[in-house]
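As you go down the protein sequences, you meet chains R and F in turn.
Using the numbering used here, you'd call the opening residue of the first sequence number 14 and step up by one each time.
Using the numbering used here, you'd call the opening residue of the second sequence number 14 and step up by one each time.
Where is the CB? At the ideal position from N, CA and C, for every residue including glycine.
Contents: one structure, followed by commentary.
Protein chains: 2
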Amino acid sequence: MVKITDVARHAGVSPSTVSYALSGKRPISDETRRRIQASIRELGYRPHAGARALASSRSNVLALVIPLRTGIHVPVVMQFAVSVVTTARRYDHDVLLLTQEEGEEGLHRVADTALVDALIVMDVQLHDPRLPLLRALERPSVLIGFPAAAEGLTCVDLDFRAAGELCVERLAGLGHRVVALVGSPPEVYVRETAFAQRVVQGFTAAADRNGMASSVHPCAATPAGARRVAEQLLREQPALTGVVVHNEAALKPLIDAFEQLGLRVPTDLSVTAICPDELAAGLRVPVTSVALPATELGERAAELLMRKLGGDGEVPEATLLAPRLIERESTAPRLA
Amino acid sequence: MVKITDVARHAGVSPSTVSYALSGKRPISDETRRRIQASIRELGYRPHAGARALASSRSNVLALVIPLRTGIHVPVVMQFAVSVVTTARRYDHDVLLLTQEEGEEGLHRVADTALVDALIVMDVQLHDPRLPLLRALERPSVLIGFPAAAEGLTCVDLDFRAAGELCVERLAGLGHRVVALVGSPPEVYVRETAFAQRVVQGFTAAADRNGMASSVHPCAATPAGARRVAEQLLREQPALTGVVVHNEAALKPLIDAFEQLGLRVPTDLSVTAICPDELAAGLRVPVTSVALPATELGERAAELLMRKLGGDGEVPEATLLAPRLIERESTAPRLA
DNA sequence: ACCGGACGTCGAAGCGCTTCGACGATGGAA
DNA sequence: TTCCATCGTCGAAGCGCTTCGACGTCCGGT
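Here it is, written out as structure tokens:
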């Protein structure tokens with residue numbers, strides 16, 4: 014193994030000069046720097062990660078905790094992970110992969126051994142048991158998703174409220190006057206995450222603002238549940254022409270149910286959804302939807318972390334990404 | 014930060030004794046060990062990863078290179094990654110995530126800086142440019158997939174030949190006498206990977222062994238291509254009752270085409286496939302299939318790597334996992 | 001002409017851990 | 001009883017890097 018002293022000798026300088034030439038933490042003359050760089054190339058020098066970490070107390074590694082729970086859309090997680098890795102590399106950092114299974118002990122381990130400099134935690138629950146730990150940890154972290162009490166934590170997520178609004182605004186723009194939100198299963202509104210409620214808020218606010226008649230319907234994540242909701246809507250809201258779906262599992266069966274009940278999409282009924290793009294695009298009738306911007310979330314999370322590590326002042330505690338609606342074939346102007 | 018000297022002082026021993034108590038590399042009396050462990054718990058000691066890596070030249074981190082190319086099934090990659098992480102943890106190792114994008118330079122970086130002790134490389138191509146590097150690297154590696162020349166490399170993969178055989182044997186067992194293999198797109202047989210050819214070999218061998226009439230049909234990965242192959246099969250092989258599909262993209266359109274042409278699956282035609290489970294199980298007619306055992310592959314890869322690191326003698330260069338066929342609804346006995 | 005500061009470099013002191021050699025104590029073999 | 005091997009522990013020497021303080025040199029300001 015070629016080490017810094019070898020480079021120093023080869024370039025005719027001291028090891029510290031090589032180090033400074035590499036880090037730029039002190040001025041080095043162009044001439045010297047060039048000579049050092051030539052030596053580095055010639056000898057194929059690579060600084061030893063462990064030694065560097067020990068001396069500088071910086072490992073240049075981030076931890077990424079990925080969820081394992083069923084129900085989350087795998088391609089989205091993957092997209093996110095890739096985006097984090099790519100972004101981290103731009104800042105000369107690597108990414109250590111942890112599974113949620115490791116729990117708090119895992120966080121402790123990588124943080125306390127100084128294996129990583131910082132952490133990104135995905136799939137944060139409303140009352141996540143890891144929160145106190147993340148607050149107490151001496152290393153910075155960024156969460157994906159918003160827990161109930163986010164004070165003192167840096168969080169990134171899609172702005173679900175705005176997403177709800179956006180779906181409604183789109184339907185309003187197409188002339189729809191009566192809309193319904195088909196939401197997550199009832200239990201989700203209680204436990205898990207706050208995002209479900211945020212969607213409801215946005216949906217309702219936008220409907221009110223536009224003087225639309227609106228209603229909200231939690232929906233079980235099963236075909237039968239979707240069918241039930243579809244029937245109920247037809248019965249109770251005969252004037253309904255616009256639906257917003259925030260329930261991945263129910264989206265397809267819901268559309269099927271509507272069509273079986275005699276409503277064509279988008280001719281009779283316009284549908285928008287908040288769900289992964291692949292899901293929306295892959296249906297028989299591709300659905301106009303607001304996607305979860307996994308790549309952008311990953312990038313933001315990594316960048317926030319780098320800023321925290323850099324000590325560039327404070328970073329915002331909450332980052333909400335603006336939703337973007339992708340027009341597909343499930344929406345149409347309301348028939349006069 | 015609490016360090017080993019703190020623990021040593023607290024326990025009334027020397028730092029080296031603490032180290033030996035932890036590593037077990039020298040005998041330590043029960044009494045002393047207990048005292049040390051109590052001190053560790055009480056002080057909350059965690060050895061510094063960098064220091065440990067520097068002193069022992071072992072980082073206890075594996076690199077995992079995941080593919081980004083489109084066309085590979087994301088959930089399978091994810092399953093694989095999780096499995097590697099889980100297995101690595103059993104051996105007290107962590108996993109650093111690299112994307113294929115980093116290429117050879119990335120491998121060099123993590124290996125030469127001693128950031129990782131060993132590497133797992135997924136999605137290996139037939140003539141992968143990284144092979145010479147992996148051979149030359151001072152750190153052990155395991156490949157997922159078989160390149161053209163695998164000498165000197167440790168490779169793990171599904172036994173695609175046996176998978177082809179298994180599909181045919183199943184059809185033979187159901188009484189089918191005339192079978193066809195609908196394979197990968199023509200270009201795949203040239204470039205990319207050897208697995209396509211292995212499936213053909215297995216398919217043909219098993220058909221011959223069972224005295225079946227058989228034919229092989231490369232197939233473009235498009236609905237139109239699938240349709241074309243279906244039509245051709247009906248025309249040229251009127252007695253055909255069994256099909257093996259080794260082409261993810263063509264599976265669904267192929268079945269659709271058959272049914273549109275008047276063949277019911279499985280009544281008139283039995284179909285087996287080699288493809289990810291989710292795909293096979295998610296179709297209108299769930300398809301009897303041989304799955305890619307991602308979890309087991311990940312576990313095997315990690316375990317092989319640990320053995321190589323442990324220096325427990327030699328490990329086999331090639332590990333082929335036995336295929337397992339999952340019975341679904343696309344196969345039935347041949348009608349008399 | 002003189003002084004202060006920036007520039008460019010060096011030497012040395014660690015960072016926290018592992019590991020090697022050494023050494024007394026113990027115990028079984030001769 | 002003597003000797004040697006083993007056990008259990010210690011001290012010291014690094015592992016390869018960063019960083020701090022120091023020191024000459026050069027330059028511009030006064």
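Just to confirm, is the Cβ distance from residue i to residue j under 8 Å?
i: F/P142; j: F/E117; result: yes
i: F/R297; j: F/P266; result: no
i: F/L318; j: R/V108; result: no
i: R/S283; j: R/L184; result: yes
i: R/A263; j: R/G295; result: no
i: R/V181; j: R/P160; result: no
i: F/V78; j: F/L150; result: no
i: R/G177; j: R/A243; result: no
i: R/A304; j: R/I268; result: no
i: R/L120; j: R/L146; result: yes
i: R/L292; j: R/E316; result: no
i: R/E342; j: R/P279; result: yes
i: R/I41; j: R/A24; result: no
i: R/G311; j: R/V97; result: yes
i: R/V300; j: R/A286; result: yes
i: R/T112; j: F/V155; result: no
i: F/T30; j: F/T45; result: yes
i: F/L139; j: F/A207; result: yes
i: F/F271; j: F/R211; result: no
i: F/A163; j: F/V123; result: no
i: R/V20; j: R/L56; result: yes
i: R/P306; j: R/L179; result: no
i: F/P289; j: F/H86; result: yes
i: F/N81; j: F/E114; result: Per the sequence presented here, residue 81 of chain F reads as Leu, with Asn not at that position. In contact: F/L81 and F/E114 (Cβ atoms closer than 8 Å).
With which residues is residue i paired in a DSSP beta bridge?
i: R/I157; result: R/V169
i: F/S228; result: F/A193
i: F/L338; result: F/V303
i: F/T332; result: F/V169
i: F/I287; result: F/V303
i: R/G255; result: R/V192, R/S283
Given the structure, does residue i come close to the ligand SAH, in the sense that its CB is under 7 Å from one of the ligand's heavy atoms?
i: F/L111; result: Within the structure as shown, the ligand SAH is missing, as the structure has no ligands at all.
Assess contact between the stretch 239 to 250 of chain R and the stretch 308 to 327 of chain R, defined as three or more Cβ pairs (one per stretch) separated by less than 8 Å. Is contact present? no
Along the stretch 85 to 112 of chain F, what residues have a CB closer than 8 Å to any CB found in chain R? V87, P88, V90, M91, A94, V95, V98, T99, R102, D107, V108, L109, L110, L111, T112
Using 8 Å as the cut-off, can you tell me whether the stretch 330 to 349 of chain R makes contact with the stretch 87 to 104 of chain R, which would need three or more C-beta pairs spanning the two stretches below that distance? no
Kindly confirm or deny that the stretch 59 to 74 of chain R and the stretch 53 to 65 of chain F touch, where touching means at least three C-beta pairs closer than 8 Å. yes
Segment contact flag, the stretch 152 to 168 of chain R with the stretch 184 to 202 of chain R, C-beta cutoff 8 Å, min 3 pairs: no
The stretch 70 to 77 of chain R / the stretch 127 to 140 of chain R touching (three or more Cβ pairs under 8 Å): yes
Using a beta-carbon distance cut-off of less than 7 Å, what residues from the stretch 151 to 162 of chain R approach chain F? none
Using a Cβ cut-off of 7 Å, which residues of the stretch 39 to 62 of chain F contact any Cβ in chain R, in chain order? R59, P60, H61, A62
Decide yes or no for the touch test of the stretch 217 to 233 of chain F against the stretch 190 to 199 of chain F: beta carbon pairs closer than 8 Å, at least 3 of them. yes
Ordered list of alpha helix (DSSP H) runs contained in the stretch 81 to 136 of chain F, each at least 4 residues: 87 to 103, 116 to 125
What alpha helix (DSSP H) runs, 4 residues minimum, are completely inside the stretch 45 to 81 of chain R? 62 to 69
Please list the residues of the stretch 122 to 138 of chain F that have a C-beta atom closer than 8 Å to any C-beta atom in chain R, keeping them in chain order. R122, V123, D125, T126, A127, L128
Pair every Cβ in the stretch 30 to 43 of chain F with every Cβ in the stretch 212 to 227 of chain R, then say whether three or more of these pairs are closer than 8 Å. no
What residues from the stretch 271 to 293 of chain R come within 8 Å of chain F, judged by C-beta to C-beta, listed N to C? none
Listed in chain order, which residues of the stretch 325 to 343 of chain R have Cβ atoms closer than 7 Å to some Cβ of chain F? none
Under 8 Å, CB to CB, which of the residues in the stretch 208 to 239 of chain F have a partner in chain R? none
Return the residues of the stretch 243 to 265 of chain R that lie within a Cβ-Cβ distance of less than 8 Å from chain F, sorted by chain order. none
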